[in-house]
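S.K.:
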Amino acid sequence: MKFAASRLDPVKPSASAWASQAAKEAKARGEDMIDLGLGEPDFDTPAHIVEAAHQAALRGETRYPPTNGTLEMRQAVVDKLACENDLRYRVDEVIVSNGAKQVLFNAMMATLEQGDEVLMCAPYFGQYKDIVLILGGAPVVLKCPAENGFRLTPEQLEAAITPKTRWIMLNLPSNPAGAVYSDDDLRALGAVLAKFPDLLILSDEIYEHILFDGRTFLSFAAANPALKDRTLTVNGVSKAYAMTGWRIGYGAGPKPLIAAMTKVQSQICSGACAIAQAAAAAALNGPQDDVRRFCAAFEERRNLVVERIAHIDGLTLDPPGGAFYGLIGCAGLIDAQTADGDTLTDDAEVTAYILKDAGIAAVPGSAYELSPFFRISTAASMDVLGQAMDRIAVSVAKLKRKT
Numbered sequence: 283m284k285f286a287a288s289r290l291d292p293v294k295p296s297a298s299a300w301a302s303q304a305a306k307e308a309k310a311r312g313e314d315m316i317d318l319g320l321g322e323p324d325f326d327t328p329a330h331i332v333e334a335a336h337q338a339a340l341r342g343e344t345r346y347p348p349t350n351g352t353l354e355m356r357q358a359v360v361d362k363l364a365c366e367n368d369l370r371y372r373v374d375e376v377i378v379s380n381g382a383k384q385v386l387f388n389a390m391m392a393t394l395e396q397g398d399e400v401l402m403c404a405p406y407f408g409q410y411k412d413i414v415l416i417l418g419g420a421p422v423v424l425k426c427p428a429e430n431g432f433r434l435t436p437e438q439l440e441a442a443i444t445p446k447t448r449w450i451m452l453n454l455p456s457n458p459a460g461a462v463y464s465d466d467d468l469r470a471l472g473a474v475l476a477k478f479p480d481l482l483i484l485s486d487e488i489y490e491h492i493l494f495d496g497r498t499f500l501s502f503a504a505a506n507p508a509l510k511d512r513t514l515t516v517n518g519v520s521k522a523y524a525m526t527g528w529r530i531g532y533g534a535g536p537k538p539l540i541a542a543m544t545k546v547q548s549q550i551c552s553g554a555c556a557i558a559q560a561a562a563a564a565a566l567n568g569p570q571d572d573v574r575r576f577c578a579a580f581e582e583r584r585n586l587v588v589e590r591i592a593h594i595d596g597l598t599l600d601p602p603g604g605a606f607y608g609l610i611g612c613a614g615l616i617d618a619q620t621a622d623g624d625t626l627t628d629d630a631e632v633t634a635y636i637l638k639d640a641g642i643a644a645v646p647g648s649a650y651e652l653s654p655f656f657r658i659s660t661a662a663s664m665d666v667l668g669q670a671m672d673r674i675a676v677s678v679a680k681l682k683r684k685t
């Protein structure tokens, strides 16, 4: 008997979750593993946020919340977007969901017809493509190579748009490459999109607060005010506030779109956890010192990894401008031979070799449709990252490469 619907056939399990699970299973067997597969801050949620959840529970906020989010949380989002992003929304233009990923799903479910095209920039967050496939859409992948800083160009964008294009998904800064668009870059993309008034824009800004080298953040809708009425700005508290397990994301956009997304959400989960929303509101409304402290630590870790990779022959890493990943080029290891006589023919095999020989869980670039690379998360301590770099260096040195 077949249980799974055919719509799931092209959908692959999350590569980062697979890498993390492989590391956990190896640890359970007694193997010494370092998990750099999953993008999850290693910090604890700040105490004042946890206390806000505690107080919400004591107040009895344990019943069904409004489907689109509690008024407190939606107002916190409105205030945050006005203060930090110079974007003005009303509370009925905001939805709160179980993580930013559900915001993405709700948006696609609410708007996609069979065969509608969704543009996405490779390397991309893996679930972008899978969500579109599940819902019968047609992902259109635009390759954004390292030579252009993993950024989409206006020329690429305009050439890819067809009468069937429904959405473009942008990730600012990006996972897995940490690519950052300048203000001028965003306006240049906006100038192209202004020519296509029926095209919707999804700006995933979950890594907004994790920027390096003195960079400041500009939201896509703020860079392109004329496009605000067809832009969905997506964000959440998972990355900036070390709240991945609280599962709170949010979206802000035109009222009819938010209403349609709320209708979808009402049939899936009835709404996000009320206690977690109280915590998320405290995160947005409260002191931001921890956010700055986390970002400084992520920058220090990035610097360590960039410096260490520069001294490993066969690997390359351009300094990411944001997020907490390193997308490491491994073209120099393709066709190398292991001590067992196996040939590494692609980045998936390089990643598997690093897992087996070095005990480091990473994600192959092919999972993001850009090869040959592998992604590591730098959301680990300096000590752990230093050990990981040592192990990778030793394993790479064992390889026999063509001269």
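All residue numbers for the sequence shown refer to my numbering, where the first residue is 283 and numbers rise by one.
Note that CB positions come from ideal geometry on N, CA and C, so glycine has one too.
In whole angstroms, what separates the C-alpha of Ile674 from that of Arg590?
M.R.: The residue given as residue 674 occupies position 392 in the sequence shown. The residue given as residue 590 occupies position 308 in the sequence shown. Between Ile674 and Arg590, the C-alpha separation is close to 10 Å.
S.K.: Measuring straight from C-alpha to C-alpha, what distance separates Lys682 and Cys612?
M.R.: Within the sequence shown, the letter at position 400 stands for residue 682. Within the sequence shown, the letter at position 330 stands for residue 612. Going by the C-alpha atoms only, they are around 14 Å apart.
S.K.: Under 8 Å between the Cβ atoms of Thr327 and Met525?
M.R.: Locating residue 327 in the sequence shown gives position 45, where the first residue counts as 1. Locating residue 525 in the sequence shown gives position 243, where the first residue counts as 1. Their beta carbons are under 8 Å apart, which means Thr327 touches Met525 by this criterion.
S.K.: Could you tell me whether the stretch 402–421 touches the stretch 540–560, where touching means 3 or more Cβ pairs closer than 8 Å?
M.R.: Output reads no: the stretch 540–560 does not touch the stretch 402–421.
S.K.: Hey, quick one: how far does the alpha helix (DSSP H) through Cys577 stretch, first residue to last?
M.R.: Residue mapping note: residue 577 aligns to position 295 of the sequence shown, counting from 1. Element bounds for Cys577: Asp571 to Ile591.
S.K.: Between the Cα of Tyr523 and those of Gly614, Leu353 and His491, spot the shortest distance and give me the residue it belongs to.
M.R.: Along the sequence shown, read from residue 1 onward, the residue named residue 523 stands at position 241. For the residues Gly614, Leu353 and His491, the minimum Cα distance to Tyr523 belongs to His491.
S.K.: What does the Cβ neighbour count give for Lys521, buried or exposed, with the cut at 16 atoms within 10 Å?
M.R.: Counting from one through the sequence shown, the residue named residue 521 turns up at place 239. Buried is the call here.
S.K.: With the cut-off set at 8 Å, would you say Pro507 and Tyr607 are in Cβ contact?
M.R.: Position 225 of the sequence shown, counting from 1, holds the residue named residue 507. Position 325 of the sequence shown, counting from 1, holds the residue named residue 607. No, the pair does not count as a contact, with Cβ atoms beyond the cut-off.
S.K.: Grouping DSSP H, G and I as helix and E and B as strand, with all else coil, what is Gly321?
M.R.: By one-based count along the sequence shown, residue 321 stands at place 39. Three-state DSSP puts Gly321 in coil, outside helix and strand.
S.K.: Could you say if the stretch 580–587 and the stretch 364–381 meet the contact criterion of at least three C-beta pairs nearer than 8 Å?
M.R.: Contact between the stretch 580–587 and the stretch 364–381 is absent, because fewer than three Cβ pairs lie under 8 Å.
S.K.: Could you spell out where the alpha helix (DSSP H) holding Tyr635 opens and where it closes?
M.R.: As a working mapping, residue 635 is identified with position 353 in the sequence shown. Element bounds for Tyr635: Asp629 to Tyr635.
S.K.: Does the contact criterion of 3 or more C-beta pairs under 8 Å hold for the stretch 359–371 versus the stretch 574–584?
M.R.: Flag = no, the stretch 359–371 and the stretch 574–584 do not touch.
S.K.: Mind the definition here: the stretch 285–294 touches the stretch 303–315 only if three or more C-beta pairs lie below 8 Å; say whether that holds.
M.R.: Too few Cβ pairs lie closer than 8 Å, so no.
S.K.: When we look at the beta-carbon of Glu333 and count the other beta-carbons within 10 Å, is it buried (16 or more) or exposed?
M.R.: On the sequence shown, position 51 is the one that residue 333 refers to. Glu333 comes out exposed.
S.K.: To which residues of the same chain is Leu626 closer than 8 Å at the C-beta, ignoring the five residues directly before and after it?
M.R.: As a first step, residue 626 must be located in the sequence shown, where it is residue number 344. Only Leu615, Ile616, Asp617, Ala618, Gln619, Thr620, Val632, Tyr635 and Leu681 meet the Cβ criterion.
S.K.: I'd like to confirm the pairing. Which residues does DSSP put opposite Phe656 in its beta bridges?
M.R.: Against the sequence shown, residue 656 aligns to sequence position 374. Partner(s): Ile610 and Pro646.
S.K.: With DSSP as the reference, identify every bridge partner of Ile483, one or two as the case may be.
M.R.: Taking the first residue of the sequence shown as 1, we reach residue 483 at position 201. Answer by DSSP bridge pairing, in chain order: Ile450 and Thr513.
S.K.: With DSSP as the reference, label Val385 as helix, strand or coil.
M.R.: Walking along the sequence shown from the start, residue 385 turns up at place 103. Note: Val385 maps to helix in three-state DSSP.
S.K.: Once the 5 residues before and after Glu343 are set aside, which same chain residues still bring their CB inside 7 Å of it?
M.R.: Position 61 of the sequence shown, counted from the start, is the residue given in the question as residue 343. Within the same chain, Glu343 has close Cβ partners Ala556, Ile557 and Ala560.
S.K.: Return helix, strand or coil for Glu651, following the three-state DSSP convention.
M.R.: Residue 651 sits at position 369 when you count from the first residue of the sequence shown. Here Glu651 sits in coil by DSSP.
S.K.: Given this structure, state the Cα-to-Cα distance separating Ala505 from Ser653, to the nearest angstrom.
M.R.: To locate residue 505, count along the sequence shown from 1; it is residue 223. To locate residue 653, count along the sequence shown from 1; it is residue 371. Rounded to the nearest angstrom, the two C-alpha atoms are 31 Å apart.
S.K.: Measuring only the C-alpha atoms, how far is Leu597 from Gln303?
M.R.: Indexing the sequence shown from 1 puts residue 597 at position 315. Indexing the sequence shown from 1 puts residue 303 at position 21. In a straight line, the C-alpha of Leu597 is about 25 Å away from that of Gln303.
S.K.: Which partner residues of Gln669 appear in the DSSP bridge assignment?
M.R.: For this step, residue 669 is matched to residue 387 along the sequence shown. DSSP, once it has assigned bridges, lists no residue as partnering Gln669.
S.K.: State the Cα-Cα distance for the pair Glu487 and Met315, rounded to the nearest angstrom.
M.R.: Translated into the one-based positions of the sequence shown, residue 487 becomes position 205. Translated into the one-based positions of the sequence shown, residue 315 becomes position 33. The alpha-carbon atoms of Glu487 and Met315 are separated by roughly 31 Å.
S.K.: Taking only runs that begin and end inside the stretch 526–556, name each unbroken alpha helix (DSSP H) of 4 or more residues, in chain order.
M.R.: List check, alpha helix (DSSP H) in window: 537–550.
S.K.: Taking the alpha-carbon of Gly603 as reference, which of His593, Ile594 and Ala578 has the nearest alpha-carbon?
M.R.: The residue you call residue 603 lines up with position 321 of the sequence shown. The residue with the shortest Cα to Cα distance from Gly603 is Ala578.
S.K.: Across which residues does DSSP place Cys403 in a beta bridge pair?
M.R.: On the sequence shown, residue 403 is found 121 positions in, with the first residue counted as 1. According to DSSP, Cys403 bridges with Leu424.
S.K.: Would you say the beta carbon of Thr620 is closer than 7 Å to some non-hydrogen atom of the ligand SAM?
M.R.: With respect to small molecules bound, the structure shown includes none, and the ligand SAM cannot be examined in it.
S.K.: Provide the residue(s) that pair with Ile377 in DSSP beta bridges, ordered along the chain.
M.R.: Here the question's residue 377 lines up with position 95 in the sequence shown. For Ile377, which the question treats as bridged, DSSP gives the partners Gly533.
S.K.: State the start and end residues of the unbroken alpha helix (DSSP H) segment that holds Leu415.
M.R.: For the purposes of this step, residue 415 is taken as the residue at position 133 of the sequence shown. Its alpha helix (DSSP H) spans residues Gln409 to Ile416.
S.K.: Compare the C-alpha of Tyr346 against each of Ser552, Asp639 and Ala301 and name the closest.
M.R.: Taking the sequence shown and counting its residues from 1, the one referred to as residue 346 is at position 64. Closest by alpha carbon: Ser552.
S.K.: Where DSSP assigns a beta bridge to Thr327, which residues make up the other side?
M.R.: The sequence position of residue 327 within the sequence shown is 45, counting from 1. According to DSSP, Thr327 bridges with nothing at all.
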